[in-house]
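Colleague:
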Amino acid sequence: LILALALASVPTPTAEHPHNLLGLKMVAAATPVEGGVEMLSGPGLVLEREVLPGLELELDVIGLFNAEHQAVPIDLLVKHAFHLTRSLDLFVGAGPSAALDFHHGETTFHAGMLTSAGAYVWLGHDVGLILELDYGLYAGATQPVLQEAEVSTGVAMRF
Numbered sequence: 041l042i043l044a045l046a047l048a049s050v051p052t053p054t055a056e057h058p059h060n061l062l063g064l065k066m067v068a069a070a071t072p073v074e075g076g077v078e079m080l081s082g083p084g085l086v087l088e089r090e091v092l093p094g095l096e097l098e099l100d101v102i103g104l105f106n107a108e109h110q111a112v113p114i115d116l117l118v119k120h121a122f123h124l125t126r127s128l129d130l131f132v133g134a135g136p137s138a139a140l141d142f143h144h145g146e147t148t149f150h151a152g153m154l155t156s157a158g159a160y161v162w163l164g165h166d167v168g169l170i171l172e173l174d175y176g177l178y179a180g181a182t183q184p185v186l187q188e189a190e191v192s193t194g195v196a197m198r199f
């Protein structure tokens, strides 16, 4: 109730917001493996362009690491944005994803799909926070199906 009242008190946007976004986020990823879950984390770069009102294209390049494994996923998402208030945008999206994995001296390629849901919390007109949850499903040569869940947070700038 308090959140609903706070959101209702924020004026709705009257001016058109910028159509481009640049973001830097930290990503934590979990992948089920034999005997448990493998955790990786690292930075990600986000480039986003609004192509139609409420429809955006996003390109993500992420570097994920742990002591034995490095991965570089690249995602291209089509997102639907819900511009709820001047300070809150929600989104859902999906699209292709590809990743290069470097593990135990071997390099493998995985391709698949990524789904995404999250929010931009705008602290000012052009600067905000990124909050995002992703789920990826990949196929690869060494493992027929690879699943991955990601959570990320970071900063975004509209221009």
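Numbering follows the numbering used here, with no gaps: position 66 of the sequence shown is 106.
Every residue, glycine too, gets a C-beta built ideally from N, C-alpha and C.
Values in this document were obtained by computation on a predicted structure and should not be read as measured data.
Could you have a look at Asp-141 and say whether DSSP puts it in helix, strand or coil?
Modeller: strand
Colleague: Given this structure, state the Cα-to-Cα distance separating Gly-176 from Gly-103, to the nearest angstrom.
Modeller: 15 Å
Colleague: Since Asn-60 sits in a beta bridge, which residues does DSSP pair it with?
Modeller: Looking at the DSSP assignment, Asn-60 forms a beta bridge with Arg-89.
Colleague: Rounded to the nearest angstrom, what separates Leu-124 and Phe-105 at their Cα positions?
Modeller: Straight-line Cα distance between these residues: approximately 35 Å.
Colleague: Skipping 5 residues on each side, what residues in its chain have a beta carbon closer than 7 Å to that of Ala-44?
Modeller: Because the pLDDT at Ala-44 is just 47, under 50, the model does not fix this residue reliably, and the point stays unresolved.
Colleague: State the CB to CB distance for the pair Ser-255 and Val-67, rounded to an integer number of angstroms; the pair is presumed to be in contact (CB under 8 Å).
Modeller: Only positions 41 to 199 of the chain appear in the structure, and residue 255 is not among them; the question remains open.
Colleague: With 16 as the cutoff for other CB atoms within 10 Å, does Glu-108 come out buried or exposed?
Modeller: Glu-108 counts as exposed, since fewer than 16 other beta carbons sit within 10 angstroms of its beta carbon.
Colleague: Do the CB positions of Gly-94 and Ala-196 come within less than 8 Å of each other?
Modeller: Taking 8 Å as the Cβ cut-off, Gly-94 and Ala-196 do not qualify as a contacting pair.
Colleague: Kindly indicate which residue of Pro-58, Glu-74, Gly-145, Tyr-160 has the alpha-carbon position closest to the one of Phe-131.
Modeller: Nearest C-alpha to Phe-131: Tyr-160.
Colleague: Would you tell me roughly how many angstroms separate the C-alpha atoms of Glu-74 and Gln-187, rounded to the nearest one?
Modeller: 12 Å
Colleague: Report back the beta-carbon spacing between Pro-58 and Asp-166 to the nearest angstrom; my notes put them in contact at under 8 Å.
Modeller: 7 Å
Colleague: Just to confirm, are Glu-98 and Glu-90 a CB contact at a threshold of 8 Å?
Modeller: No. Outside cutoff.
Colleague: Flag this pair as yes or no: are the beta carbons of Leu-117 and Ala-134 separated by less than 8 Å?
Modeller: yes
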